[in-house]
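Engineer: Numbering (UniProt numbering), first residue to last: 1 to 825.
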């Protein structure tokens with residue numbers, strides 16, 4: 001507003017410019033006339049100040065009048081403000097409405113100057129750039145204090161006063177007391193403790209780092225150093241005594257978050273990894289974890305303290321594994337990988353290889369307000385270990401392929417058999433794990449030679465599997481899934497893994513049974529040599545004979561008839577792995593799992609004398625597995641030596657096992673015949689060889705045939721229904737027994753021509769013709785009253801035996817045509 005007034009005044013002054021110039025010309029003429037009349041005075045050197053004024057230029061006089069005009073204007077403005085604020089508004093209006101006031105002020109100033117005898121000469125250069133009047137400090141203070149005294153609110157006063165105050169005090173700043181409010185005063189009155197200040201500094205560093213751009217990432221490394229030093233001081237120095245337990249835990253948790261954030265920023269910024277290594281990140285963090293995890297959990301620890309300690313452990317663990325994961329990705333060559341292995345050994349050897357296990361246990365056992373958060377953090381640590389194993393396998397595959405393949409790019413050749421060969425051992429990862437006397441990674445063993453990195457990490461998860469019964473069921477399943485997905489190295493001992501899984505399954509988590517068997521199939525049988533290998537093996541796979549498979553007897557302890565679900569899942573798993581297993585594994589499964597389990601279940605069945613379905617399921621499953629495994633001559637011979645056949649035949653009185661027992665007897669007879677054919681060159685073995693299976697088959701064949709003929713002989717002609725009484729049950733059992741033994745005989749006849757001759761020369765063959773004739777007549781006359789299906793089964797087997805045996809017969813009455821005519825009648 002004030003500047004607008006000045007511009008208006010300047011325009012008014014310019015309108016009378018010509019008048020003033022004419023007036024100045026007239027003054028010059030008068031001065032010349034005056035100077036001409038006083039030549040004698042000038043000759044004497046006497047020059048008055050008035051004459052000096054006349055020599056001034058018009059521009060200098062115009063600037064002088066302008067400054068005088070401004071002085072008078074500000075004097076009037078201050079006077080109006082001091083009198084009254086309202087009078088100031090009125091004077092403003094009157095001043096703006098009366099345009100003649102400006103010319104009057106100018107004329108008064110000119111007349112006043114003319115009356116002076118002495119004049120001051122001003123240099124125009126000194127006032128050329130001034131836009132406001134400079135007041136002294138006393139004048140400013142008087143105006144400011146007077147405004148307070150009059151009760152003016154400076155924030156609500158008129159615009160003119162604010163503008164005037166700014167002009168009057170353009171170089172002066174108000175005191176800081178005038179700029180604060182009540183909230184600021186409350187903040188300044190409070191005291192900040194050492195804990196609050198420390199926490200505030202950590203939070204400021206964290207916020208500074210989060211809001212830093214990519215170009216400002218150079219602050220990440222100093223922040224990481226500060227965080228490490230602070231954590232070390234809080235954990236081990238006496239300076240932490242100044243804080244309470246809760247305050248110290250809060251600072252540790254906040255500093256751990258700062259360290260993790262700083263490490264992530266450093267890794268994202270592609271800082272030289274050697275800088276982080278030389279700063280001692282890994283040794284310092286591992287020492288912090290060791291100290292935090294080995295201290296016993298106090299009973300007096302609150303949930304808040306436990307939550308903060310849990311956050312410290314998790315953040316530090318996350319930082320260690322993240323650093324190792326990033327370091328592994330930067331080691332693409334064999335020489336660089338050795339540098340990684342040296343740092344990795346520090347992590348593996350910490351706390352004798354049990355650091356990760358203790359970390360997870362502490363994360364779960366610490367008191368916490370939110371138990372789900374504890375489970376989530378433990379699951380994340382397990383996931384990171386699994387990801388590290390998978391990355392090690394991938395890196396091992398790349399290094400192995402680069403050493404054996406001459407191609408520059410290995411994308412096509414790596415992807416072909418990656419899943420097949422990823423579990424094979426490579427010496428660059430360390431020595432084979434099974435070469436150590438103990439199946440645990442210890443500092444003592446690693447001092448001589450570092451062991452396989454993959455097996456070391458998998459050993460940590462395997463040890464943790466024993467402790468999972470105390471975990472949440474979701475965490476148990478998560479651990480097993482990670483182990484199954486990651487897999488292990490072929491140098492890992494399977495006994496140690498199976499013992500841990502069996503211990504876990506005994507505790508009973510029905511939801512994890514299927515996942516546990518999948519883990520066994522993936523690791524023990526597929527990667528650790530349980531399955532027969534059709535592809536190329538490594539040196540470790542060929543050296544697997546240093547340990548045996550006698551540990552498979554753990555299955556027997558696991559199969560408890562009281563846990564029906566576990567029994568079904570384990571039996572299904574065993575029957576699934578048997579066909580693809582090696583000969584050594586099959587032999588151990590037969591004589592350490594199935595046969596002992598059969599003996600145990602049979603004894604339990606005979607002792608209880610009840611129809612317990614789980615026990616019957618175990619017996620039938622074991623009979624099926626034994627039947628499929630004794631096709632090997634060595635296994636069959638050992639089975640006979642253990643008197644296993646007699647123990648199996650003792651189950652024939654029970655109708656539930658008839659079919660399974662006769663199927664085993666059929667295979668036994670066939671194996672005896674094959675053994676005789678194999679030993680035909682050795683007369684001593686062929687003459688002295690016993691045939692208990694064939695003897696038992698002919699015995700039961702004769703027994704069941706005679707029993708069935710007697711039933712058919714006394715079968716009523718009127719077809720009375722006797723199925724509901726006791727006699728009907730006996731008849732059905734007799735038909736079932738006869739069907740089983742004749743079906744077993746038919747199977748042997750189809751496989752062995754030599755057995756056909758034996759059957760034809762045996763008196764039982766004549767009874768078979770009579771049995772076939774009797775069955776045909778009974779079925780044709782419908783003497784079974786709807787029960788023909790049992791008779792048809794027996795007749796199918798008897799006719800098959802008669803036809804197959806009669807093919808090579810020289811007897812006329814035993815030709816196939818005669819047999820078919822007998823049946824047709």
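Glycine is no exception: its CB is placed at the ideal position from the N, C-alpha and C atoms.
Using the rule of at least 16 other Cβ atoms within 10 Å of the residue's Cβ for burial, across every protein chain shown, is residue 806 buried or exposed?
Structural biologist: Taking the first residue of the chain shown as position 1, residue 806 is located at position 806. When all chains shown are included, residue 806 counts as buried.
Engineer: Since residue 293 contacts residue 359 with CB under 8 Å, what's their CB separation in whole angstroms?
Structural biologist: Against the chain shown, residue 293 aligns to sequence position 293. Against the chain shown, residue 359 aligns to sequence position 359. Contact holds; Cβ gap of about 6 Å.
Engineer: How is residue 578 classed by DSSP in three states: helix, strand or coil?
Structural biologist: On the chain shown, position 578 is the one that residue 578 refers to. It is coil, neither helix nor strand.
Engineer: Residue 230 to residue 255, Cα distance in whole Å?
Structural biologist: On the chain shown, position 230 is the one that residue 230 refers to. On the chain shown, position 255 is the one that residue 255 refers to. The straight-line gap from Cα to Cα measures roughly 7 Å.
Engineer: Compute the beta-carbon to beta-carbon distance between residue 631 and residue 667, rounded to the nearest angstrom, for a pair I have assumed lies under 8 Å.
Structural biologist: If you number the chain shown from 1, residue 631 lands on position 631. If you number the chain shown from 1, residue 667 lands on position 667. At roughly 7 Å, the Cβ-Cβ gap stays under 8 Å, so residue 631 and residue 667 are in contact.
Engineer: Assign residue 180 to buried or exposed, taking buried as 16 or more other Cβ atoms, counted over all protein chains shown, within 10 Å of its Cβ.
Structural biologist: If you number the chain shown from 1, residue 180 lands on position 180. Under this definition residue 180 is an exposed residue.
Engineer: What are the boundary residues of the alpha helix (DSSP H) that includes residue 708?
Structural biologist: Here residue 708 is taken as the residue at index 708 of the chain shown, counted from 1. Per DSSP, residue 708 belongs to the alpha helix (DSSP H) from 692–713.
Engineer: When burial is assigned at 16 or more other CB atoms within 10 Å of the CB, is residue 656 buried or exposed?
Structural biologist: Counted from its first residue, the chain shown places residue 656 at position 656. Residue 656 comes out exposed.
Engineer: How many Å lie between residue 20 and residue 178 at the Cα?
Structural biologist: Numbered from 1 along the chain shown, position 20 holds the residue referred to as residue 20. Numbered from 1 along the chain shown, position 178 holds the residue referred to as residue 178. Cα to Cα, the separation comes out at about 50 Å.
Engineer: According to the neighbour-count rule (16 or more other Cβ atoms, all chains shown, within 10 Å of its Cβ), is residue 183 buried or exposed?
Structural biologist: Walking along the chain shown from the start, residue 183 turns up at place 183. That one is exposed.
Engineer: For chain B, find out if any of its Cβ atoms is closer than 8 Å to the Cβ of residue 586; answer yes or no.
Structural biologist: In the structure shown, chain B cannot be found, because there is only a single protein chain.
Engineer: Provide the residue(s) that pair with residue 451 in DSSP beta bridges, ordered along the chain.
Structural biologist: Your numbering for residue 451 matches position 451 in the chain shown. The partner list for residue 451 (beta bridge, DSSP) reads 431.
Engineer: Give me the residue from 620, 323, 520 and 257 with the minimum Cα distance to residue 275.
Structural biologist: Looking up residue 275 in the chain shown gives position 275. Of 620, 323, 520 and 257, the residue nearest in Cα terms is 323.
Engineer: Report the rounded CA-to-CA distance for residue 350 versus residue 305, giving the unit in angstroms.
Structural biologist: If you number the chain shown from 1, residue 350 lands on position 350. If you number the chain shown from 1, residue 305 lands on position 305. Taking the straight line from one Cα to the other gives about 25 Å.
Engineer: Which of the three DSSP states is assigned to residue 80 in this structure?
Structural biologist: Working through the chain shown from its first residue, we reach residue 80 at position 80. The predicted model places residue 80 with a pLDDT of 49, which falls under 50 and marks its position as unreliable, so this point remains unresolved.
Engineer: Compute the Euclidean distance between the alpha carbons of residue 222 and residue 523, then round it to the nearest angstrom.
Structural biologist: As a working mapping, residue 222 is identified with position 222 in the chain shown. As a working mapping, residue 523 is identified with position 523 in the chain shown. Their backbone Cα atoms lie some 45 Å apart in a straight line.
Engineer: Below 7 Å CB to CB, which residues in the same chain sit around residue 774 once its five sequence neighbours on both sides are set aside?
Structural biologist: Counting from one through the chain shown, the residue named residue 774 turns up at place 774. Result list for residue 774: 709 and 712, in chain order.
Engineer: Among 236, 243, 329 and 267, whose alpha-carbon lies nearest the alpha-carbon of residue 289?
Structural biologist: Here residue 289 refers to the residue found at position 289 when the chain shown is read from its first residue. The shortest Cα separation from residue 289 among 236, 243, 329 and 267 belongs to 236.
Engineer: Count the other CB atoms within 10 Å of the CB of residue 576; is the residue buried (16 or more) or exposed (fewer)?
Structural biologist: One-based indexing of the chain shown puts residue 576 at position 576. Exposed.
Engineer: For residue 330, which residues from the same chain have a beta carbon less than 7 Å from its beta carbon, with the 5 sequence-adjacent residues on both sides left out?
Structural biologist: Against the chain shown, residue 330 aligns to sequence position 330. Counting only Cβ-Cβ distances below 7 Å, and skipping sequence neighbours, we find 273.
Engineer: Pick out whichever of 562, 364 and 697 has its Cα sitting closest to the Cα of residue 758.
Structural biologist: Indexing the chain shown from 1 puts residue 758 at position 758. Ranking the options by Cα distance to residue 758, first place goes to 697.
Engineer: Beta carbon of residue 456, beta carbon of residue 353: below 8 Å?
Structural biologist: Residue numbering aside, residue 456 sits at position 456 when the chain shown is read from its first letter. Residue numbering aside, residue 353 sits at position 353 when the chain shown is read from its first letter. Yes, the Cβ-Cβ distance between residue 456 and residue 353 is below 8 Å.
Engineer: Could you check which residue in 521, 357, 739 and 767 has the C-alpha nearest to that of residue 663?
Structural biologist: For the purposes of this step, residue 663 is identified with residue 663 of the chain shown, where counting begins at 1. The shortest C-alpha separation from residue 663 is found at 739.
Engineer: Where does residue 356 fall in DSSP's three states?
Structural biologist: Walking along the chain shown from the start, residue 356 turns up at place 356. Correct three-state label for residue 356: helix.
Engineer: For residue 531, which residues does DSSP report across the bridge?
Structural biologist: As a working mapping, residue 531 is identified with position 531 in the chain shown. 581, per the DSSP bridge assignment.
Engineer: Go ahead and pull the three-state DSSP assignment for residue 191.
Structural biologist: Translated into positions along the chain shown, residue 191 becomes position 191. In the structure shown, residue 191 sits in coil (DSSP, three-state: anything other than H, G, I, E or B).
Engineer: Compare the Cα-Cα distances from residue 653 to each of 249, 734 and 258 and report the closest residue.
Structural biologist: By one-based count along the chain shown, residue 653 stands at place 653. Among 249, 734 and 258, the Cα nearest to that of residue 653 is on 734.
Engineer: Please name the residue in 715, 636 and 320 whose C-alpha comes closest to that of residue 343.
Structural biologist: Here residue 343 refers to the residue found at position 343 of the chain shown. The option with the nearest alpha carbon to residue 343 is 320.
Engineer: Whose C-beta lies closer than 7 Å to the C-beta of residue 285 among residues of the same chain, with five residues either side of it excluded?
Structural biologist: Start at 1 with the first residue of the chain shown, and residue 285 comes out as number 285. Excluding residues within five positions, the ones whose Cβ falls inside 7 Å are 316, 319 and 320.
Engineer: Quick check: the region 699–707 against the region 616–632, are there 3 or more CB pairs under 8 Å?
Structural biologist: The region 699–707 vs the region 616–632: no contact.
Engineer: Specify whether the region 378–396 and the region 505–517 touch according to this definition: at least 3 beta carbon pairs, one from each stretch, less than 8 Å apart.
Structural biologist: Flag = no, the region 378–396 and the region 505–517 do not touch.
Engineer: In terms of residue numbering, what span does the alpha helix (DSSP H) encompassing residue 229 cover?
Structural biologist: Stepping through the chain shown from its first residue, residue 229 is reached at position 229. Counting along the chain, the alpha helix (DSSP H) containing residue 229 begins and ends at 220–236.
Engineer: State the start and end residues of the unbroken alpha helix (DSSP H) segment that holds residue 630.
Structural biologist: Mapped onto the chain shown, residue 630 falls at position 630. Run containing residue 630: none; DSSP gives neither H nor E here.
Engineer: With a 10 Å radius around its C-beta and 16 neighbouring C-beta atoms as the bar for buried, classify residue 238 as buried or exposed.
Structural biologist: Counting from 1 along the chain shown, the entry for residue 238 is found at position 238. Exposed is the call here.
Engineer: Out of 252, 556, 454 and 596, which one is the CA nearest neighbour of residue 527?
Structural biologist: For the purposes of this step, residue 527 is taken as the residue at position 527 of the chain shown. Measuring from the Cα of residue 527, the nearest candidate turns out to be 454.
Engineer: Beta carbon of residue 835, beta carbon of residue 267: below 8 Å?
Structural biologist: A query on residue 835 cannot be resolved here, the shown segment of the chain reaching from 1 to 825 and no further.
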